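Below you'll find the structure, written out as structure tokens, and then a few comments.
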Amino acid sequence: MPEFFNDYPLNKLNTFGLPVKAKYFTKPKTEEELIDSINRIKQMGLPMLVLGGGSNILFTRDYAGVVLQPSITGIEEIENTSDYIALSVGAGEVWDNLVEYAVQRGLGGIENLSNIPGSVGASPIQNIGAYGVEAKETILQVMGFNLETMSRVVWKNEECQFGYRDSIFKRELKGKVVITNVIYRLSKHPKFVTHYGNIEHELAKMGETTLINIRKAVINIRNSKLPDPNKLGNAGSFFKNPIVHMDLLHELKKRYDRVPSYPIDDKSVKIPAGWLIEQSGWKGKRLGNAGVHENQALVLVNHGGATGVEILNIAEQIRSSVQNRFNVMLEMEVNVV
Ligand code: FAD
Ligand code: EPU
């Protein structure tokens, strides 16, 4: 049975750096330890929160139950064909270590997802995405444990209901499962995805287009706009980019010279929430110790000493500004606890 720590500080386990505590904290390292922990939590009659790297979570207060951090590690090759390799990866592995591992071995599919903080176990939860690629494109299966039935479950890719920053784990299975392993299928003949944003521009400085150079390009671009959580607390994009009706885009184009947008289908487009927030006057603004990042309006930051409630408060004010100005209701990407 793994140790249960009492009144455990979570300040280093959430990238907003909020000084909250868990009534209990435990870190099972094997599936057996995980099952023992879950049984014990059930006997204690306390609520449970699964935590990965805490990079997509906003704590608004101390957690009055057990925070469980699945720490099952390991990268195991389970299939090797002439075209691809399938890897089963423990939920507790650091996501970016897996990307580094793949890129070093010439395996393609996740290089554009370089430098995203957090754990492998969380990668299917919101179907992490960046620079034209989403995790769902390489995830073969998700393996986990159902807390209600106390049984092992395997979800095939199509059963995960992946969407933009979305999956079944964020909806009907929220709080009901612990992901223990994820199986990825990585290509031995990678198809490079370089059309997004400044990637081609960045690659041109490096010479040949290789997995290693794509990884470097993505890291350079990310470092130039996203704040480092070790220096300025944040959880990446706070809201999702809204998908709106084409009519709204036509309406906006009458009022603004340039409206960035990405087509979804005949009727709908995605408009960057960062643009909507910037146009609403929030970029670089600060309310107390919480603020909006000066280079990226979609990122809310803790300038030091903010509380989760302060951050939630600025988020709500931004949401109503954008709603009043554009009639668009922003949806949070970050998980509020
Ligand atoms: P946590 O924040 O610990 O948890 C997130 C949610 O998943 C919680 O609801 C938690 O209960 C649940 N969960 C975690 N692990 C498990 C598990 N094993 N079983 C069941 N439930 C679990 N995201 C992107 O998609 N693209 C980006 O480009 C991106 N950039 C970012 C940049 C920065 C600077 C930061 C701070 C964040 C960024 N994010 C991005 C958000 C974040 O990195 C991802 O959402 C990441 O997958 C979160 O992983 P985590 O382990 O920290 O999850
Ligand atoms: N923009 C502004 N002002 C800003 C920020 C952005 O006008 O302050 C506009 C610009 O037109 C810019 C466009 O928004 O061209 C897109 O900005 P960016 O390329 O920085 O991407 P994003 O839409 O803000 C999304 C993801 C990021 C991901 C990047 C790269 C969401 C919610 N966010 O951000 O993911 O890294 O694209 O693919 O989809 C995260 O989920 O936490 C995250 C960081």
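Here this note's numbering is used: position 237 in the sequence shown is 251, and no number is missing along the way. Yeah, the Cβ is synthetic: ideal placement off N, Cα and C, and Gly gets one too. These figures come from a predicted structure and were not determined experimentally.
When DSSP builds the beta bridges, which residues end up paired with residue i?
{"i": "HIS259", "result": "SER282"}
{"i": "LYS35", "result": "PRO23"}
{"i": "TRP169", "result": "VAL156"}
{"i": "ARG199", "result": "ALA100"}
{"i": "ALA304", "result": "LEU301 and ASN316"}
{"i": "VAL64", "result": "LEU82"}
Tell me the rounded alpha-carbon separation between residue i and residue j.
{"i": "LEU312", "j": "GLU125", "result": "23 Å"}
{"i": "LYS268", "j": "SER251", "result": "28 Å"}
{"i": "ILE86", "j": "VAL113", "result": "18 Å"}
{"i": "LEU24", "j": "GLY319", "result": "14 Å"}
{"i": "PHE206", "j": "GLU214", "result": "11 Å"}
{"i": "ASN129", "j": "ASN234", "result": "10 Å"}
{"i": "SER69", "j": "GLU347", "result": "11 Å"}
{"i": "THR223", "j": "VAL273", "result": "31 Å"}
{"i": "VAL196", "j": "SER137", "result": "9 Å"}
{"i": "ASP21", "j": "HIS264", "result": "53 Å"}
{"i": "ASN141", "j": "GLN155", "result": "13 Å"}
{"i": "ILE228", "j": "LEU217", "result": "7 Å"}
{"i": "MET58", "j": "ASN341", "result": "46 Å"}
{"i": "VAL232", "j": "ASN255", "result": "20 Å"}
{"i": "ILE257", "j": "ALA287", "result": "10 Å"}
{"i": "TYR276", "j": "ASN160", "result": "37 Å"}
{"i": "GLN310", "j": "ASN248", "result": "11 Å"}
{"i": "ARG54", "j": "LEU60", "result": "9 Å"}
{"i": "PRO16", "j": "LEU48", "result": "8 Å"}
{"i": "THR29", "j": "ILE71", "result": "8 Å"}
Assuming residue i contacts residue j under a Cβ cut-off of 8 Å, what Cβ separation, rounded to an integer in Å, is found between them?
{"i": "TYR145", "j": "TYR210", "result": "5 Å"}
{"i": "THR40", "j": "SER51", "result": "5 Å"}
{"i": "PRO204", "j": "LEU225", "result": "6 Å"}
{"i": "VAL192", "j": "PHE183", "result": "With 8 Å as the limit, VAL192 and PHE183 do not qualify as a contact, their Cβ atoms being about 10 Å apart."}
Open item on the list: Just to confirm the assignment: which complete beta strand (DSSP E) runs, minimum length 3, are found wholly within the stretch 93-150?
Closed with: 98-104
Open item on the list: Runs of 3 residues minimum, wholly inside the stretch 197-253: which ones carry the beta strand (DSSP E) assignment?
Closed with: 247-251
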